[in-house]
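A short worksheet on the structure shown next.
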Amino acid sequence: MIVAVVMAASVCVGVAYVRTPLPNEPQDGVTDQGSAVYYGDGRTPIFRLGANREIVRHAQIPAHVRWAVLAAEDRGFYAGHGVSPTGTVRALLNNASGGDVQGGSTITQQLARNYFKGLSRDRSAGRKFKEIFISLKLARHRDKDDILDLYLNTIFFGRQTSGVQAAARAYFDKDVWQLTVAEGAVLAAMIQQPTYFKTRGGDAPARALRARWRYVLDGMVAMGRLSRDEAARQRFPRTLDEWRGVDVSGQSLLVRQRVQEELRQLGIPMDSAVNGGLKIYTGLDRRWMGYAEQAMRKVREPDWPTGIRGGLIAVDPQDGAVKAFYGGDPARSQYDAVFNPVAQAASTFKPYVLAAALRRGYNVRSRVNGRSPQKFAPDGSITPQTAPGYEVDNDEEIGSLGVIDLVKATALSVNTGYVKLAFEAGVANVLRTAQDLGVPEPALRPFKGQVGIALGIANVPAVNQAAGYAAFANGGTAVTPHLITKIVDKRGRTVPLPWTKPGRRVLTQEQAAQTSYALRATVREGTGRRAALSDREAAGKTGTTDHNHAAWFVGYVPQLSAAVMMANTAQKPLKNLPGFSGTVAGENLPSSVWHSFMEKVTRDMPRKDFPTPGFSGVAGDWGALPTPGAPTPDGPTPGASTPGAPTPGTSNPGGPVLGAHPPGELVPATPKPQTGPGRQRAATSEPGSDGR
Numbered sequence: 000m001i002v003a004v005v006m007a008a009s010v011c012v013g014v015a016y017v018r019t020p021l022p023n024e025p026q027d028g029v030t031d032q033g034s035a036v037y038y039g040d041g042r043t044p045i046f047r048l049g050a051n052r053e054i055v056r057h058a059q060i061p062a063h064v065r066w067a068v069l070a071a072e073d074r075g076f077y078a079g080h081g082v083s084p085t086g087t088v089r090a091l092l093n094n095a096s097g098g099d100v101q102g103g104s105t106i107t108q109q110l111a112r113n114y115f116k117g118l119s120r121d122r123s124a125g126r127k128f129k130e131i132f133i134s135l136k137l138a139r140h141r142d143k144d145d146i147l148d149l150y151l152n153t154i155f156f157g158r159q160t161s162g163v164q165a166a167a168r169a170y171f172d173k174d175v176w177q178l179t180v181a182e183g184a185v186l187a188a189m190i191q192q193p194t195y196f197k198t199r200g201g202d203a204p205a206r207a208l209r210a211r212w213r214y215v216l217d218g219m220v221a222m223g224r225l226s227r228d229e230a231a232r233q234r235f236p237r238t239l240d241e242w243r244g245v246d247v248s249g250q251s252l253l254v255r256q257r258v259q260e261e262l263r264q265l266g267i268p269m270d271s272a273v274n275g276g277l278k279i280y281t282g283l284d285r286r287w288m289g290y291a292e293q294a295m296r297k298v299r300e301p302d303w304p305t306g307i308r309g310g311l312i313a314v315d316p317q318d319g320a321v322k323a324f325y326g327g328d329p330a331r332s333q334y335d336a337v338f339n340p341v342a343q344a345a346s347t348f349k350p351y352v353l354a355a356a357l358r359r360g361y362n363v364r365s366r367v368n369g370r371s372p373q374k375f376a377p378d379g380s381i382t383p384q385t386a387p388g389y390e391v392d393n394d395e396e397i398g399s400l401g402v403i404d405l406v407k408a409t410a411l412s413v414n415t416g417y418v419k420l421a422f423e424a425g426v427a428n429v430l431r432t433a434q435d436l437g438v439p440e441p442a443l444r445p446f447k448g449q450v451g452i453a454l455g456i457a458n459v460p461a462v463n464q465a466a467g468y469a470a471f472a473n474g475g476t477a478v479t480p481h482l483i484t485k486i487v488d489k490r491g492r493t494v495p496l497p498w499t500k501p502g503r504r505v506l507t508q509e510q511a512a513q514t515s516y517a518l519r520a521t522v523r524e525g526t527g528r529r530a531a532l533s534d535r536e537a538a539g540k541t542g543t544t545d546h547n548h549a550a551w552f553v554g555y556v557p558q559l560s561a562a563v564m565m566a567n568t569a570q571k572p573l574k575n576l577p578g579f580s581g582t583v584a585g586e587n588l589p590s591s592v593w594h595s596f597m598e599k600v601t602r603d604m605p606r607k608d609f610p611t612p613g614f615s616g617v618a619g620d621w622g623a624l625p626t627p628g629a630p631t632p633d634g635p636t637p638g639a640s641t642p643g644a645p646t647p648g649t650s651n652p653g654g655p656v657l658g659a660h661p662p663g664e665l666v667p668a669t670p671k672p673q674t675g676p677g678r679q680r681a682a683t684s685e686p687g688s689d690g691r
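Structure (structure tokens):
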């Protein structure tokens with residue numbers, strides 16, 4: 000009778016074994032490799048998109064790491080048949096007594112349970128038998144090294160990591176092939192209770208992990224894979240406090256938003272990033288990110304009222320890589336204030352007007368009249384105050400000035416002089432120059448033909464302002480601002496990035512040097528004095544919108560360009576912020592924040608002087624005002640009465656300009672009529688610059 004029962008049971012088991020298919024398809028998500036996003040050092044992770052797993056090959060996993068895992072989990076792996084008989088009996092007896100089905104699982108059994116499709120998650124004897132059958136078939140039909148590799152690339156190690164490579168980075172900031180014997184033993188020990196063990200401290204979880212670590216080393220000795228003396232010399236290694244790539248918070252939330260946007264621009268679907276195992280490198284400097292946050296926290300940005308936004312962003316002038324930014328406290332808003340258009344550019348737009356004039360062949364010694372107010376006719380001539388026209392005045396702190404050159408007009412941010420300069424340079428050329436330097440075309444489109452663009456009535460993202468000024472810093476070459484500097488797919492191939500191509504020259508080196516000369520005067524003796532650095536010269540421009548709704552400072556040294564922006568999105572005056580009783584203008588808080596950030600980032604940066612301009616070009620003279628009752632002068636025409644000046648419509652060494660004209664050809668400088676007579680700060684219903 001007993002024999003018959005045993006034979007029947009054996010037949011049933013045999014039939015069940017035969018009917019159990021050999022699994023080939025992995026469970027959903029078990030092979031997903033999330034994409035790691037790194038700081039500019041190429042090693043320190045910022046965060047991951049998707050699963051925290053990175054598949055590595057057998058040869059990349061050191062033998063001592065593989066043997067440490069076997070010593071911890073399955074010492075008979077290579078000699079066994081995929082199942083531990085004693086462990087299985089123990090698990091079944093535990094289940095019969097009402098406990099969980101657990102314990103005694105070999106590596107092959109763990110792989111069958113956690114990797115392949117076909118096993119349910121219920122804890123039953125039937126599922127356990129199916130696990131055994133699958134494990135036996137895997138051991139017969141799959142190479143042992145293949146089974147071990149699948150296991151090592153998928154098992155959970157704690158710290159939100161799956162796979163030995165991700166674990167090596169999470170615990171030791173190393174690649175798996177760099178792990179020592181002691182470090183490999185720690186990871187092997189973690190497998191048993193990854194959510195319980197602690198790598199630091201002296202409490203029970205920490206003591207338990209050390210005991211398990213010693214058990215692994217003793218197992219390696221018993222298996223002949225480590226000598227007794229080598230095991231005795233091992234010391235429990237120090238791990239990272241916490242992997243920096245696990246927690247996505249603070250500015251990394253905004254970094255993730257921008258990385259996802261740039262991936263979209265590149266045509267890389269998000270599921271490819273989440274599951275594709277990409278390595279995404281940025282130009283961000285971790286220390287500089289901290290300095291940017293410190294500078295903004297110094298003015299208590301996290302405590303600002305709702306609706307008031309501000310940020311700082313720094314761009315490498317050589318290639319446009321974003322080196323650091325602070326887009327606002329995500330606890331207040333996850334709408335970043337540096338990559339989005341938050342505020343009008345105000346007087347930080349004026350350098351584009353200057354650059355347009357330089358491209359027309361003028362130089363910074365050209366003169367304008369700084370009298371305030373002034374009223375302009377549609378052709379740019381100055382009309383009497385009683386006549387119709389576009390009225391412009393300077394900021395009250397600047398007042399009414401006489402004839403000044405463009406250096407002083409820039410340093411003091413003289414509205415009247417700059418509107419005249421925009422007329423002379425040609426409004427279409429101003430728009431084209433700004434676009435060539437990186438101001439987005441949609442920001443400029445509404446203001447075609449409006450000379451008020453000279454006063455910064457366009458909303459321009461801070462990142463584009465930093466990139467625009469980067470061209471002044473690098474000698475005249477436009478750059479495309481970007482976070483992602485390199486993408487490597489899981490096969491090791493580099494993904495082409497359009498913004499890594501050399502930028503287009505917009506200004507000659509001489510024109511860029513003259514622009515910097517004027518902007519250096521702004522910091523040295525003009526409205527940007529609070530931004531001045533202690534050990535080197537800086538160039539930059541303040542900006543404050545009408546009614547103080549927004550304030551800026553954009554500036555640079557030869558190696559770095561940075562923009563600071565603050566704005567009240569409710570279109571109310573920006574004043575009485577926490578810790579600052581008064582009205583915010585470009586010359587105070589933004590300049591101070593820029594100074595605070597740049598003083599720190601330039602500490603280890605070699606001092607580099609700005610190039611000295613030769614002041615080539617024509618010194619235009621538009622300083623004369625009409626005598627009452629006399630005809631309105633039109634001013635000199637470039638190239639007509641002044642030898643050497645370019646004639647509109649001729650070749651321009653600074654690059655192409657607006658319209659359907661061939662590359663390198665200038666648009667005639669005649670501006671379109673303004674919106675009509677009356678007192679306006681800008682030829683639009685929106686406020687413009689107040690001259691600071």
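FYI, numbering that gives the first Met the number 0 numbers position 369 of the sequence shown as 368, with every residue one higher than the one before it. Note that CB positions come from ideal geometry on N, CA and C, so glycine has one too.
{"Item": "Inter-stretch contact at 8 Å, needing at least 3 Cβ pairs: the region 283-296 / the region 536-555", "Value": "no"}
{"Item": "Selection from 162, 172, 148 that minimises the alpha carbon distance to residue 41", "Value": "172"}
{"Item": "Under 7 Å between C-beta atoms of residue 188 and residue 51", "Value": "no"}
{"Item": "Cβ pair residue 311, residue 563 closer than 7 Å", "Value": "yes"}
{"Item": "Cβ shell of residue 501 (< 8 Å), same chain only, five flanking positions each side left out", "Value": "476"}
{"Item": "Closest residue to residue 192 among 281, 149, 72 (Cα-Cα distance)", "Value": "72"}
{"Item": "Residue from 559, 536, 572, 553 whose Cα sits closest to the Cα of residue 547", "Value": "572"}
{"Item": "Contact check, residue 110 vs residue 69, beta carbons under 7 Å", "Value": "no"}
{"Item": "Beta-bridge partners of residue 561, as assigned by DSSP", "Value": "313, 554"}
{"Item": "Cβ neighbour criterion (16 or more within 10 Å) applied to residue 497", "Value": "exposed"}
{"Item": "Contact under 7 Å by Cβ, residue 361 with residue 616", "Value": "yes"}
{"Item": "Under 7 Å between C-beta atoms of residue 277 and residue 45", "Value": "no"}
{"Item": "Sub-7 Å separation of residue 566 and residue 549 beta-carbons", "Value": "yes"}
{"Item": "Proximal residues to residue 634 (C-beta, below 6 Å), its chain only, five neighbours per side dropped", "Value": "In this prediction, residue 634 has a pLDDT of 39, which is less than 50 and means its spatial position is unreliable; nothing more can be read from the coordinates."}
{"Item": "Residue 279 - containing beta strand (DSSP E), residue span", "Value": "278-281"}
{"Item": "First through last residue of the alpha helix (DSSP H) which encompasses residue 541", "Value": "Careful: residue 541 lies outside any alpha helix (DSSP H), inside the beta strand (DSSP E) at 538-543."}
{"Item": "Euclidean distance between Cα positions of residue 574 and residue 326", "Value": "20 Å"}
{"Item": "Among 474, 284, 529, nearest to residue 514 - alpha-carbon criterion", "Value": "474"}
{"Item": "DSSP beta-bridge partners of residue 177", "Value": "Answer is none; residue 177 lacks a bridge partner."}
{"Item": "Whole-number beta carbon distance between residue 424 and residue 471, since they are thought to touch under 8 Å", "Value": "Rounded, the Cβ-Cβ distance is 16 Å, inconsistent with contact."}
{"Item": "Buried or exposed (CB count within 10 angstroms, at least 16 for buried), residue 481", "Value": "buried"}
{"Item": "Stretch pair the region 223-243 + the region 253-272: three plus CB contacts closer than 8 Å", "Value": "no"}
{"Item": "Inter-residue CB distance, residue 37 and residue 238 (contact presumed, cutoff 8 Å)", "Value": "Contact doesn't hold; Cβ gap of about 20 Å is too wide."}
{"Item": "Residue 308 versus residue 435 - alpha carbon distance", "Value": "28 Å"}
{"Item": "Member of 62, 64, 153, 411 whose CA lies at the smallest distance from the CA of residue 107", "Value": "153"}
{"Item": "One or two residues paired with residue 458 in a DSSP bridge", "Value": "343"}
{"Item": "Complete alpha helix (DSSP H) runs within the region 365-447 (minimum length 4 residues, chain order)", "Value": "405-410, 414-424, 426-435, 440-443"}
{"Item": "Beta-carbon spacing of residue 55, residue 175 below 7 Å", "Value": "yes"}
{"Item": "Beta-carbon spacing of residue 63, residue 180 below 7 Å", "Value": "yes"}
{"Item": "Under the three-state DSSP convention, the category residue 575 falls into", "Value": "strand"}
{"Item": "Residue range of the alpha helix (DSSP H) that includes residue 286", "Value": "285-297"}
{"Item": "Opening and closing residue of the beta strand (DSSP E) in which residue 35 lies", "Value": "34-37"}
{"Item": "Contacts around residue 479, its chain only, beta-carbon distance under 6 Å, and the 5 residues preceding and following it disregarded", "Value": "319, 498"}
{"Item": "Nonlocal neighbours in the same chain, by C-beta distance under 8 Å from residue 429, ignoring five residues either side", "Value": "351, 352, 355, 421, 452, 453"}
{"Item": "Simplified DSSP state of residue 351, which is helix, strand or coil", "Value": "helix"}
{"Item": "Distance between beta carbons of residue 576 and residue 303, contact taken as under 8 Å", "Value": "6 Å"}
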